[in-house]
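Position one of the sequence shown corresponds to residue 271 (the numbering used here), numbered consecutively onward. Beneath this line is the structure, given in C-alpha coordinates, with notes to follow.
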Amino acid sequence: MQPGQPAADGLVLPYLQALLAAQRQDPPSLPMRPLLGLRARRMARHFLLDDLTSPAEDPMGTELENALWGDGVVRVFTASLFAPPSPIAIAHDVAAFRPDRLVLLPPSPLFSGGLNGIALQAWDRAAKAAGLDVVASTLCCHPTDPALLRTLVTRAREVMVPGGAGSLLLVMPGLGWSGGDPLGWQMDRLAAELSRLLELPAGRVDVARLDVTGFDDAGLPTVEQAIRRTRCPALSILPLSPWPLVRAGWGDYLDEWRDLAAASGILSLTLARPALAEGADLAPLVRQALAGRAGVCSGFGRRLCPDTHGHCPHKRMAVAAMHGQTMA
(Lines of atoms letter the chains of each structure in order from A and count residues from 1; the text may use other names and numbers.)
(Lines give C-alpha, C1' and ligand atoms only; values in the text may rest on other atoms or scores of the structure.)
Protein backbone atom coordinates (compact mmCIF):
# COMPACT_ATOMS: atom_id res chain seq x y z
CA MET A 1 0.00 0.00 0.00
CA GLN A 2 1.13 3.55 -0.80
CA PRO A 3 -0.42 6.96 0.01
CA GLY A 4 -0.32 7.84 -3.70
CA GLN A 5 0.09 11.17 -5.43
CA PRO A 6 -2.26 12.99 -7.85
CA ALA A 7 -0.99 12.74 -11.42
CA ALA A 8 -2.76 15.84 -12.79
CA ASP A 9 -4.14 19.17 -11.58
CA GLY A 10 -7.71 17.92 -11.86
CA LEU A 11 -6.98 15.11 -9.41
CA VAL A 12 -5.52 17.29 -6.64
CA LEU A 13 -8.83 18.27 -5.02
CA PRO A 14 -10.30 14.73 -4.76
CA TYR A 15 -6.92 13.52 -3.51
CA LEU A 16 -6.88 16.11 -0.70
CA GLN A 17 -10.52 15.40 0.16
CA ALA A 18 -9.70 11.70 0.53
CA LEU A 19 -6.69 12.58 2.69
CA LEU A 20 -8.71 14.81 5.03
CA ALA A 21 -11.46 12.20 5.29
CA ALA A 22 -8.89 9.85 6.89
CA GLN A 23 -8.87 11.92 10.10
CA ARG A 24 -11.44 9.54 11.62
CA GLN A 25 -11.93 5.80 11.54
CA ASP A 26 -15.44 6.13 10.12
CA PRO A 27 -16.37 7.83 6.83
CA PRO A 28 -17.19 11.53 7.32
CA SER A 29 -20.81 12.35 8.08
CA LEU A 30 -22.85 14.40 5.62
CA PRO A 31 -22.53 17.65 7.67
CA MET A 32 -18.73 17.23 7.74
CA ARG A 33 -18.24 16.81 3.99
CA PRO A 34 -18.69 20.49 3.00
CA LEU A 35 -16.15 21.50 5.67
CA LEU A 36 -13.65 18.94 4.39
CA GLY A 37 -14.23 20.19 0.85
CA LEU A 38 -13.53 23.78 1.94
CA ARG A 39 -10.32 22.76 3.70
CA ALA A 40 -9.23 20.75 0.67
CA ARG A 41 -9.75 23.74 -1.65
CA ARG A 42 -7.61 25.93 0.62
CA MET A 43 -4.85 23.32 0.68
CA ALA A 44 -5.01 22.85 -3.09
CA ARG A 45 -3.71 26.40 -3.60
CA HIS A 46 -0.32 25.25 -2.32
CA PHE A 47 -0.25 21.90 -4.14
CA LEU A 48 1.80 22.59 -7.27
CA LEU A 49 2.44 19.75 -9.69
CA ASP A 50 4.95 21.53 -11.94
CA ASP A 51 7.88 19.22 -11.22
CA LEU A 52 5.90 16.08 -10.43
CA THR A 53 6.29 13.15 -12.77
CA SER A 54 4.24 10.01 -12.65
CA PRO A 55 6.32 7.00 -13.73
CA ALA A 56 4.59 4.43 -15.90
CA GLU A 57 6.08 1.60 -13.83
CA ASP A 58 6.45 1.02 -10.10
CA PRO A 59 10.23 0.72 -9.54
CA MET A 60 9.86 -0.32 -5.91
CA GLY A 61 7.52 -3.16 -6.84
CA THR A 62 9.89 -4.38 -9.55
CA GLU A 63 12.87 -4.23 -7.19
CA LEU A 64 10.97 -6.17 -4.53
CA GLU A 65 9.92 -8.85 -7.02
CA ASN A 66 13.53 -9.24 -8.15
CA ALA A 67 14.72 -9.54 -4.55
CA LEU A 68 12.18 -12.31 -3.87
CA TRP A 69 12.70 -14.28 -7.09
CA GLY A 70 14.26 -17.21 -5.22
CA ASP A 71 11.27 -17.52 -2.87
CA GLY A 72 8.87 -18.93 -5.44
CA VAL A 73 6.43 -17.28 -7.81
CA VAL A 74 5.98 -13.79 -6.37
CA ARG A 75 3.94 -10.89 -7.73
CA VAL A 76 3.99 -7.40 -6.21
CA PHE A 77 0.91 -5.20 -6.54
CA THR A 78 0.75 -1.52 -5.50
CA ALA A 79 -2.47 0.14 -4.33
CA SER A 80 -2.88 3.81 -3.36
CA LEU A 81 -5.00 5.18 -0.54
CA PHE A 82 -5.75 8.67 -1.81
CA ALA A 83 -5.18 8.38 -5.58
CA PRO A 84 -5.49 5.71 -8.28
CA PRO A 85 -5.03 2.77 -8.42
CA SER A 86 -7.50 2.15 -5.61
CA PRO A 87 -7.34 -0.81 -3.20
CA ILE A 88 -10.57 -2.16 -4.73
CA ALA A 89 -9.09 -2.23 -8.24
CA ILE A 90 -5.88 -3.86 -7.01
CA ALA A 91 -7.77 -6.40 -4.88
CA HIS A 92 -9.52 -7.65 -8.03
CA ASP A 93 -6.14 -7.90 -9.77
CA VAL A 94 -4.77 -9.89 -6.84
CA ALA A 95 -7.80 -12.20 -6.90
CA ALA A 96 -7.23 -12.83 -10.61
CA PHE A 97 -3.62 -13.80 -9.85
CA ARG A 98 -4.97 -16.45 -7.41
CA PRO A 99 -2.19 -16.40 -4.79
CA ASP A 100 -1.95 -18.99 -2.03
CA ARG A 101 -0.48 -16.46 0.43
CA LEU A 102 -0.67 -12.69 0.74
CA VAL A 103 1.55 -10.17 2.57
CA LEU A 104 0.26 -6.61 2.97
CA LEU A 105 3.00 -3.99 3.43
CA PRO A 106 1.89 -0.66 4.99
CA PRO A 107 2.24 2.77 3.35
CA SER A 108 4.55 3.93 6.17
CA PRO A 109 7.02 2.20 8.51
CA LEU A 110 5.48 4.26 11.34
CA PHE A 111 1.89 3.66 12.41
CA SER A 112 -0.57 6.53 12.33
CA GLY A 113 -4.30 6.04 12.14
CA GLY A 114 -4.79 8.29 9.11
CA LEU A 115 -2.23 6.35 7.09
CA ASN A 116 -1.53 2.76 8.15
CA GLY A 117 -4.80 2.47 10.07
CA ILE A 118 -6.87 3.60 7.10
CA ALA A 119 -4.80 1.32 4.84
CA LEU A 120 -5.71 -1.74 6.91
CA GLN A 121 -9.39 -0.83 6.81
CA ALA A 122 -9.36 -0.02 3.08
CA TRP A 123 -7.67 -3.29 2.17
CA ASP A 124 -9.99 -5.32 4.41
CA ARG A 125 -13.03 -3.86 2.64
CA ALA A 126 -11.45 -4.22 -0.82
CA ALA A 127 -10.47 -7.85 -0.24
CA LYS A 128 -14.01 -8.72 0.84
CA ALA A 129 -15.50 -6.93 -2.18
CA ALA A 130 -13.17 -8.84 -4.51
CA GLY A 131 -13.94 -12.18 -2.85
CA LEU A 132 -10.26 -12.54 -1.99
CA ASP A 133 -10.22 -15.45 0.45
CA VAL A 134 -6.55 -16.22 1.02
CA VAL A 135 -4.25 -16.61 4.02
CA ALA A 136 -2.85 -13.13 4.68
CA SER A 137 -0.20 -11.56 6.89
CA THR A 138 -0.58 -7.83 7.41
CA LEU A 139 2.37 -5.74 8.55
CA CYS A 140 1.06 -2.85 10.66
CA CYS A 141 4.44 -1.10 11.08
CA HIS A 142 8.23 -1.52 11.15
CA PRO A 143 9.51 1.70 12.78
CA THR A 144 13.00 0.49 13.75
CA ASP A 145 13.65 -2.07 11.03
CA PRO A 146 17.40 -2.33 10.21
CA ALA A 147 16.84 -1.47 6.53
CA LEU A 148 14.99 1.71 7.50
CA LEU A 149 17.69 2.67 10.00
CA ARG A 150 20.43 2.19 7.39
CA THR A 151 18.58 4.47 4.98
CA LEU A 152 18.02 7.15 7.63
CA VAL A 153 21.66 7.12 8.75
CA THR A 154 22.81 7.53 5.14
CA ARG A 155 20.37 10.38 4.46
CA ALA A 156 21.34 12.17 7.69
CA ARG A 157 25.08 11.96 7.07
CA GLU A 158 24.65 13.40 3.58
CA VAL A 159 23.45 16.75 4.95
CA MET A 160 24.55 17.10 8.56
CA VAL A 161 27.46 19.33 9.54
CA PRO A 162 30.62 17.21 10.02
CA GLY A 163 31.83 16.89 13.58
CA GLY A 164 28.41 16.60 15.20
CA ALA A 165 27.81 20.34 15.59
CA GLY A 166 24.27 20.27 14.22
CA SER A 167 20.86 18.87 15.09
CA LEU A 168 18.61 16.50 13.18
CA LEU A 169 14.83 16.89 12.96
CA LEU A 170 12.73 13.88 11.91
CA VAL A 171 9.49 14.97 10.26
CA MET A 172 6.39 12.95 9.42
CA PRO A 173 2.98 14.09 8.10
CA GLY A 174 0.79 14.33 11.19
CA LEU A 175 -2.05 11.93 10.41
CA GLY A 176 -2.66 10.66 13.94
CA TRP A 177 -6.07 9.71 15.29
CA SER A 178 -7.26 11.02 18.65
CA GLY A 179 -7.53 8.54 21.50
CA GLY A 180 -4.14 6.88 21.63
CA ASP A 181 -2.27 7.04 18.32
CA PRO A 182 1.25 5.51 18.57
CA LEU A 183 2.91 7.80 15.98
CA GLY A 184 4.64 10.09 18.48
CA TRP A 185 5.77 7.18 20.66
CA GLN A 186 7.29 5.36 17.68
CA MET A 187 9.03 8.51 16.41
CA ASP A 188 10.62 9.03 19.83
CA ARG A 189 11.96 5.46 19.78
CA LEU A 190 13.27 5.94 16.25
CA ALA A 191 15.01 9.17 17.30
CA ALA A 192 16.71 7.34 20.17
CA GLU A 193 17.99 4.66 17.79
CA LEU A 194 19.35 7.26 15.37
CA SER A 195 21.04 9.21 18.18
CA ARG A 196 22.95 6.05 19.04
CA LEU A 197 23.87 5.18 15.45
CA LEU A 198 24.92 8.75 14.59
CA GLU A 199 26.74 9.13 17.92
CA LEU A 200 24.87 12.31 18.78
CA PRO A 201 24.07 13.50 22.32
CA ALA A 202 20.55 13.07 23.66
CA GLY A 203 18.27 15.82 22.44
CA ARG A 204 20.16 16.46 19.21
CA VAL A 205 17.77 14.24 17.25
CA ASP A 206 14.29 15.71 17.60
CA VAL A 207 10.90 14.80 16.12
CA ALA A 208 8.03 16.85 14.69
CA ARG A 209 4.87 16.52 12.67
CA LEU A 210 3.86 18.31 9.52
CA ASP A 211 0.58 19.80 10.69
CA VAL A 212 -2.51 18.54 8.83
CA THR A 213 -5.80 20.16 9.84
CA GLY A 214 -8.23 17.86 11.64
CA PHE A 215 -5.77 15.19 12.76
CA ASP A 216 -4.50 14.62 16.31
CA ASP A 217 -1.06 15.93 17.26
CA ALA A 218 -0.02 12.51 18.69
CA GLY A 219 2.04 14.39 21.28
CA LEU A 220 4.32 15.83 18.59
CA PRO A 221 5.27 19.50 18.05
CA THR A 222 4.81 21.06 14.63
CA VAL A 223 7.84 21.59 12.40
CA GLU A 224 7.62 25.32 13.07
CA GLN A 225 7.61 24.81 16.84
CA ALA A 226 10.59 22.45 16.62
CA ILE A 227 12.58 24.92 14.51
CA ARG A 228 11.95 27.76 16.98
CA ARG A 229 13.18 25.72 19.94
CA THR A 230 16.37 24.50 18.21
CA ARG A 231 19.51 25.77 19.95
CA CYS A 232 22.14 24.55 17.47
CA PRO A 233 23.65 26.73 14.71
CA ALA A 234 22.85 24.10 12.07
CA LEU A 235 19.67 22.07 11.60
CA SER A 236 19.02 19.26 9.13
CA ILE A 237 15.45 18.14 8.43
CA LEU A 238 14.93 14.50 7.46
CA PRO A 239 11.47 13.60 6.09
CA LEU A 240 10.27 10.13 7.04
CA SER A 241 7.95 9.77 4.05
CA PRO A 242 8.53 10.18 0.30
CA TRP A 243 5.96 12.99 0.06
CA PRO A 244 4.55 15.52 2.54
CA LEU A 245 1.06 14.55 1.27
CA VAL A 246 -0.38 18.07 1.62
CA ARG A 247 2.04 19.48 -0.98
CA ALA A 248 3.64 17.96 -4.05
CA GLY A 249 7.15 17.77 -2.57
CA TRP A 250 9.16 18.50 0.56
CA GLY A 251 11.15 21.17 -1.26
CA ASP A 252 8.00 23.30 -1.37
CA TYR A 253 8.53 24.03 2.34
CA LEU A 254 12.24 24.83 2.19
CA ASP A 255 12.10 28.63 1.73
CA GLU A 256 9.62 29.23 4.55
CA TRP A 257 11.50 26.89 6.91
CA ARG A 258 14.78 28.67 6.14
CA ASP A 259 13.18 32.06 6.81
CA LEU A 260 11.89 30.80 10.15
CA ALA A 261 15.28 29.28 10.98
CA ALA A 262 17.08 32.55 10.24
CA ALA A 263 14.64 34.44 12.47
CA SER A 264 15.31 31.86 15.22
CA GLY A 265 19.09 32.28 15.09
CA ILE A 266 19.86 29.12 13.10
CA LEU A 267 22.69 29.78 10.64
CA SER A 268 22.12 26.79 8.36
CA LEU A 269 19.05 24.70 7.55
CA THR A 270 19.34 21.77 5.13
CA LEU A 271 16.74 19.34 3.83
CA ALA A 272 17.73 15.70 3.45
CA ARG A 273 16.43 13.41 0.77
CA PRO A 274 13.20 11.76 1.95
CA ALA A 275 13.64 8.38 3.61
CA LEU A 276 12.42 5.87 1.07
CA ALA A 277 13.84 2.38 1.32
CA GLU A 278 14.69 0.59 -1.89
CA GLY A 279 12.26 -2.14 -2.89
CA ALA A 280 14.89 -4.78 -2.14
CA ASP A 281 15.10 -3.53 1.46
CA LEU A 282 11.53 -4.67 2.03
CA ALA A 283 12.29 -8.30 1.12
CA PRO A 284 13.34 -9.32 4.68
CA LEU A 285 10.06 -7.94 6.02
CA VAL A 286 8.11 -10.05 3.53
CA ARG A 287 10.07 -13.15 4.52
CA GLN A 288 9.48 -12.44 8.22
CA ALA A 289 5.75 -12.13 7.61
CA LEU A 290 5.64 -15.34 5.57
CA ALA A 291 7.49 -17.22 8.31
CA GLY A 292 4.97 -16.11 10.92
CA ARG A 293 1.32 -16.83 11.40
CA ALA A 294 -1.49 -15.16 9.53
CA GLY A 295 -3.00 -11.94 10.85
CA VAL A 296 -1.61 -8.56 11.84
CA CYS A 297 2.06 -8.44 12.81
CA SER A 298 4.81 -5.86 13.23
CA GLY A 299 8.26 -5.87 11.69
CA PHE A 300 9.65 -8.01 14.52
CA GLY A 301 6.61 -10.18 15.16
CA ARG A 302 5.68 -8.38 18.38
CA ARG A 303 3.73 -5.29 19.34
CA LEU A 304 5.87 -2.15 19.03
CA CYS A 305 3.70 0.25 21.02
CA PRO A 306 2.43 0.11 24.62
CA ASP A 307 -1.05 -1.01 25.64
CA THR A 308 -2.06 2.61 26.28
CA HIS A 309 -2.03 3.22 22.51
CA GLY A 310 -5.40 1.79 21.63
CA HIS A 311 -5.20 2.43 17.88
CA CYS A 312 -2.28 0.01 17.49
CA PRO A 313 -4.03 -2.93 15.77
CA HIS A 314 -1.48 -5.60 16.70
CA LYS A 315 -2.86 -6.80 20.03
CA ARG A 316 -6.55 -6.31 19.38
CA MET A 317 -6.27 -8.07 16.01
CA ALA A 318 -4.55 -11.05 17.63
CA VAL A 319 -7.42 -11.27 20.12
CA ALA A 320 -10.00 -10.91 17.35
CA ALA A 321 -8.36 -13.72 15.38
CA MET A 322 -8.80 -16.05 18.37
CA HIS A 323 -12.54 -15.45 18.15
CA GLY A 324 -12.78 -15.76 14.38
CA GLN A 325 -13.42 -12.05 13.87
CA THR A 326 -12.07 -9.63 11.26
CA MET A 327 -11.12 -5.98 11.62
CA ALA A 328 -14.05 -3.59 11.97
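Glycine included, C-beta positions come from ideal geometry on N, C-alpha and C.
Classification of residue 316 by the beta-carbon crowding that lies within 10 angstroms, buried from 16 upward:
exposed
Whether residue 480 touches residue 516 by CB criterion (8 Å)
yes
Alpha-carbon to alpha-carbon, residue 497 and residue 527
8 Å
Can residue 417 and residue 551 be called in contact, C-beta distance under 8 Å?
yes
Hey, which unbroken runs of the alpha helix (DSSP H) at 4 residues or more fall wholly within the region 310–397?
329–337 and 357–367
Is the separation between the beta-carbon of residue 457 and that of residue 431 shorter than 8 Å?
no
Run of the beta strand (DSSP E) containing residue 419, from where it starts to where it stops:
Counting along the chain, residue 419 falls outside any beta strand (DSSP E), though it belongs to the alpha helix (DSSP H) covering 416–429.
6 Å CB neighbourhood of residue 485 in its chain, flanking five on each side removed
293, 384, 444, 445 and 446
Does the distance from the CB of residue 349 to the CB of residue 356 come in under 8 Å?
yes
Under a Cβ-count criterion, where at least 16 other Cβ atoms within 10 Å of its own Cβ denotes burial, should residue 495 be classed as buried or exposed?
exposed
Can you tell which of 519, 500, 339 and 463 has its C-alpha closest to the C-alpha of residue 530?
500
Unbroken alpha helix (DSSP H) runs of length 4 or more, entirely within the region 530–561: which are they?
553–561
Close Cβ partners of residue 371 (< 6 Å) along its chain, the five nearest in sequence each way excluded:
405
Neighbour-count burial assignment, residue 387, 16 or more Cβ in a 10 Å radius:
buried
Should residue 503 and residue 555 be called a contact, given that it needs their Cβ atoms to be closer than 8 Å?
no
Rounded Cβ spacing between residue 505 and residue 439 (contact assumed at less than 8 Å):
6 Å
Paired residues, beta bridge with residue 565 - DSSP
407
Rounded separation between residue 599 and residue 381 - CA only:
The structure shown has nothing for residue 599, since the chain only spans 271 to 598.
Where does the unbroken beta strand (DSSP E) through residue 504 begin, and where does it stop?
504–509
What does the Cβ neighbour count give for residue 424, buried or exposed, with the cut at 16 atoms within 10 Å?
exposed
As assigned by DSSP and simplified to three states, the class of residue 461
helix
Span separating the alpha-carbon of residue 393 from that of residue 543
29 Å
Cβ neighbour criterion (16 or more within 10 Å) applied to residue 433
exposed
Applying the 10 Å Cβ sphere with the 16-neighbour rule, what's the burial state of residue 578?
exposed
Let me make sure I understand the geometry here. Which of 475, 280 and 414 has the alpha-carbon closest to that of residue 441?
475
Beta-carbon spacing of residue 290, residue 310 below 8 Å
yes
Mind checking which residues open and close the alpha helix (DSSP H) that includes residue 441?
From DSSP, residue 441 is part of no alpha helix (DSSP H) but of the beta strand (DSSP E) over 437–443.
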